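Chains as they are written, first to last, in our numbering: chain A, 52 to 310; chain B, -17 to 471.
Glycine included, each C-beta is placed from N, C-alpha and C at the ideal position.
None of the values given here were measured: they were computed from a predicted structure.
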Ligand code: SF4
């Protein structure tokens, strides 16, 4: 299949390794990967913070970049949730305010071809084992958008369970928000930190070496606390785990020895 | 026993209030414990209902339909209630409602009333208005009684004293009821409350209530409760005055089928409310012989006029969204500066206040969606929050500092060239703040690992982040840089 990647502004800038891992997995599975260069941001931050006027122009921009793709894969559950929940509304609003009247139709056409990365693997391709090897103890954080908006269910954990060597340990407060919430983490920093404290405590209680998720925004938040407390526990996007193979492990060990 | 009611016009911002409350370890423990218990009970009873999702959908439709034809059903209610011997009053705002109730009580020559738990009367600060006119109001709901005797504020719409534990309640009763030897077993406390209230039930001739639903078809009032104190107020006094928001009307008696299944399960994790009372008008020798209903608008028709905010009025006040909300669970209800706390408060209060005085409430949510998931009438609270945030932004104008920043970022996102320039600039700007350290974990890209850096302090608006969290520095190469290099290789 020809897959177009929407890497998201956030991953592009802060977590390029996630994008690289997505490319690696998809190519290993035999798909052709494209990266439409004109992509920037889905508009989530603006829309959710109340800056709707500012978010609107990002919709036609996204459409023009991805309309012709066979499938669009996005390594971020919150960006996909943004598109599924709000793009139809945004398109209606633009059309009703005298803008491009074709937008609602075009959005409806494209959305069924937009997939969150793990969802693409498990629901669209019907895979559980993607040939990964990762000999670590890992816990999974179900980000709110993946859990409630996209209904990912046990898709991501099934993929993780099929990874050779991986020891998946369950977190006690799986369905609880980590407290990130985009600008919420800054606007309500105290409450956000209190929520985060609970989440990071639960991560530590699992005894895992790493915490993974389908969304780097939650992971950046959780990592922020784990690093501040010098816990030695890290976070990693699920794509990186699914990309990892026996050869990578060998390389990593050799590099470690050389260092 | 007077107290300053929660009022969005005088309340601090959500952030300020939350900061204070986060420091109250006892309160947070009580809130956590109580919401855990209620949530567990709710989950169990929802799971045993095979048709829960269909029930939710029919309730949503009933409520949405009622609101769409609110004028028709309110008039139908008025006709039927009047025919049955009751009197209907219409109140545009809190002040009008207060003066109607005060006027009625004075007409009766009474100087005290007993009250059934009612958030609507809390909303209009009725107890204070009564007191100013020399009328004493006695709360009869156990939780409301605790709040009243403790000169406290309700912090939850179903369990107003949920932020207090048993030891604290005992202290309140000991002092207010003058019972130095009071024990702290639930039975001791219940007994003390019973003695205290029984005397009021038998003496006071006027009751003031709210209502869970108004039934247009029968001109009926529905009040559901757990303790039976409400029913005492509905049967013993000679006069009943009910203050009810206009959105509470439903068309038919049969609509209750779905609603009274959803409400107790969502609210307290009970299959049925122990006491469900339905009153329509006057019946000689049975219950109150004079009945008044005050239909309260107080901002509701304006909410109704807003297509996107309207669903807020579907609410049946079960409080499930509060128990599920991770923000509410950290702060409790008082941070919301209004009698309506938690997710429902965050969307209802700003709308009732015409977006004045409660601008920080739409932001008191991480948009995690837990409230929407549990809401028995399927109010899409996150969607309404986002809608209200847009209104706040419009109200604050383009010159607010945040607005300028957001506009600048939006300008950047509208062009790939500008976006790339901003990525480069961001790296330069953050570099003085970055501390380099060797990565402690195996990473795919070893070159990056050794140079990973962290930010432990950020200036200005972003400073809240680094109070408790570190931030990973930007990597040297963006994904798109890598992708381009790869294409050339
Ligand atoms: S918004 Fe929904 S969950 Fe919250 S109190 Fe109202 S009916 Fe209950």
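Delimiting residues of the beta strand (DSSP E) encompassing residue i
{"i": "residue 93(A)", "result": "Per DSSP, residue 93(A) belongs to no beta strand (DSSP E) and is neither H nor E."}
{"i": "residue 55(B)", "result": "Premise fails: residue 55(B) lies in the alpha helix (DSSP H), 52 to 65, not in any beta strand (DSSP E)."}
{"i": "residue 191(A)", "result": "188 to 191"}
{"i": "residue 365(B)", "result": "Not the beta strand (DSSP E): residue 365(B) falls in the alpha helix (DSSP H), residues 363 to 378."}
{"i": "residue 42(A)", "result": "No statement about residue 42(A) is possible, as the shown extent of chain A runs from 52 to 310 and does not include it."}
{"i": "residue 286(A)", "result": "285 to 288"}
{"i": "residue 71(B)", "result": "69 to 73"}
{"i": "residue 331(A)", "result": "There is no way to answer for residue 331(A), as the model of chain A reaches only from 52 to 310."}
{"i": "residue 197(B)", "result": "195 to 197"}
Residues bridged to residue i [DSSP beta-bridge criterion]
{"i": "residue 97(B)", "result": "121(B) and 190(B)"}
{"i": "residue 205(B)", "result": "259(B)"}
{"i": "residue 72(A)", "result": "Its beta-bridge partners do not exist; DSSP assigns none."}
{"i": "residue 417(B)", "result": "436(B)"}
{"i": "residue 226(B)", "result": "277(B)"}
{"i": "residue 56(A)", "result": "124(A)"}
{"i": "residue 268(B)", "result": "265(B)"}
{"i": "residue 218(A)", "result": "188(A)"}
{"i": "residue 167(A)", "result": "125(A)"}
{"i": "residue 104(A)", "result": "In the DSSP output, where bridge partners are listed per residue, residue 104(A) has none listed."}
{"i": "residue 141(B)", "result": "For residue 141(B), which the question treats as bridged, DSSP gives no partner whatsoever."}
{"i": "residue 221(B)", "result": "188(B) and 272(B)"}
{"i": "residue 454(B)", "result": "436(B)"}
{"i": "residue 254(A)", "result": "Looking at the DSSP assignment, residue 254(A) forms no beta bridge with any residue, so it has no partner."}
Neighbour list for residue i in chain E, Cβ cutoff strictly below 7 Å
{"i": "residue 446(B)", "result": "This model lacks chain E altogether; the protein chains it does include are A and B."}
8 Å contact criterion, which residue i and residue j should meet: CB distance rounded
{"i": "residue 240(B)", "j": "residue 44(B)", "result": "6 Å"}
{"i": "residue 137(A)", "j": "residue 388(B)", "result": "Contact flag wrong, Cβ pair sits at about 17 Å."}
{"i": "residue 123(A)", "j": "residue 66(A)", "result": "Contact flag wrong, Cβ pair sits at about 19 Å."}
{"i": "residue 184(A)", "j": "residue 82(A)", "result": "With a Cβ gap of about 20 Å, residue 184(A) and residue 82(A) do not count as contacting."}
{"i": "residue 196(A)", "j": "residue 120(A)", "result": "That pair is no contact at about 22 Å."}
{"i": "residue 172(A)", "j": "residue 210(A)", "result": "6 Å"}
{"i": "residue 304(B)", "j": "residue 324(B)", "result": "3 Å"}
{"i": "residue 84(B)", "j": "residue 111(B)", "result": "6 Å"}
{"i": "residue 139(A)", "j": "residue 159(A)", "result": "7 Å"}
{"i": "residue 131(B)", "j": "residue 154(B)", "result": "5 Å"}
{"i": "residue 259(B)", "j": "residue -10(B)", "result": "Actually they are not in contact, since the Cβ atoms of residue 259(B) and residue -10(B) sit about 32 Å apart, beyond 8 Å."}
{"i": "residue 225(B)", "j": "residue 119(B)", "result": "That belief does not hold up - the Cβ atoms of residue 225(B) and residue 119(B) are roughly 12 Å apart, past 8 Å."}
CB contact flag (residue i, residue j, <8 Å)
{"i": "residue 52(B)", "j": "residue 277(B)", "result": "no"}
{"i": "residue 480(B)", "j": "residue 143(B)", "result": "Nothing can be reported for residue 480(B), as the shown portion of chain B is limited to -17 through 471."}
{"i": "residue 322(B)", "j": "residue 139(B)", "result": "yes"}
{"i": "residue 257(A)", "j": "residue 222(A)", "result": "yes"}
{"i": "residue 461(B)", "j": "residue 63(A)", "result": "yes"}
{"i": "residue 293(A)", "j": "residue 125(A)", "result": "no"}
{"i": "residue 101(A)", "j": "residue 348(B)", "result": "no"}
{"i": "residue 261(B)", "j": "residue 202(B)", "result": "yes"}
{"i": "residue 318(B)", "j": "residue 343(B)", "result": "yes"}
{"i": "residue 220(A)", "j": "residue 179(A)", "result": "no"}
{"i": "residue 186(B)", "j": "residue 285(B)", "result": "no"}
{"i": "residue 162(B)", "j": "residue 198(B)", "result": "no"}
{"i": "residue 290(A)", "j": "residue 251(A)", "result": "no"}
{"i": "residue 219(B)", "j": "residue 189(B)", "result": "yes"}
{"i": "residue 416(B)", "j": "residue 436(B)", "result": "yes"}
Limits of the unbroken alpha helix (DSSP H) element including residue i
{"i": "residue 274(B)", "result": "Per DSSP, residue 274(B) belongs to no alpha helix (DSSP H); it is in the beta strand (DSSP E), 272 to 278."}
{"i": "residue 262(A)", "result": "Where residue 262(A) is concerned, there is no enclosing alpha helix (DSSP H), although the beta strand (DSSP E) it sits in stretches over 261 to 264."}
{"i": "residue 106(B)", "result": "First-last for residue 106(B): undefined, no H or E at that position."}
{"i": "residue 113(A)", "result": "109 to 117"}
{"i": "residue 409(B)", "result": "398 to 412"}
{"i": "residue 464(B)", "result": "461 to 470"}
{"i": "residue 447(B)", "result": "445 to 448"}
{"i": "residue 267(A)", "result": "267 to 279"}
{"i": "residue 12(B)", "result": "7 to 29"}
{"i": "residue 236(B)", "result": "Where residue 236(B) is concerned, there is no enclosing alpha helix (DSSP H), given that its DSSP letter is neither H nor E."}
{"i": "residue 80(B)", "result": "76 to 89"}
- prompt: Along the stretch 104 to 122 of chain A, what residues have a CB closer than 8 Å to any CB found in chain B?
  reply: 105, 106, 108, 109 and 112
message: Beta carbons nearer than 9 Å to chain B: which residues of the stretch 69 to 89 of chain A have them?
response: 69, 70, 71, 72, 74, 75, 86, 88 and 89
query: For the stretch 244 to 265 of chain A, which residues have a beta carbon sitting closer than 9 Å to at least one beta carbon of chain B?
result: 244, 245, 246, 247, 248, 249, 260 and 261
task: Select from the stretch 298 to 323 of chain B all residues with a C-beta closer than 7 Å to any C-beta belonging to chain A, and list them in chain order.
output: 308, 309, 312 and 313
- prompt: Using a beta-carbon distance cut-off of less than 7 Å, what residues from the stretch 359 to 385 of chain B approach chain A?
  reply: 368, 371, 372, 374 and 375
message: Under 7 Å, CB to CB, which of the residues in the stretch 124 to 151 of chain B have a partner in chain A?
response: none
query: the stretch 150 to 162 of chain A: which residues have C-beta closer than 7 Å to a C-beta of chain B, in chain order?
result: none
field: Contacting positions in the stretch 193 to 222 of chain A - beta carbon closer than 7 Å to chain B
entry: 195, 199 and 200
field: Near-chain A residues of the stretch 455 to 466 of chain B - C-beta to any C-beta below 7 Å
entry: 456, 457, 459, 460, 461, 462, 464 and 465
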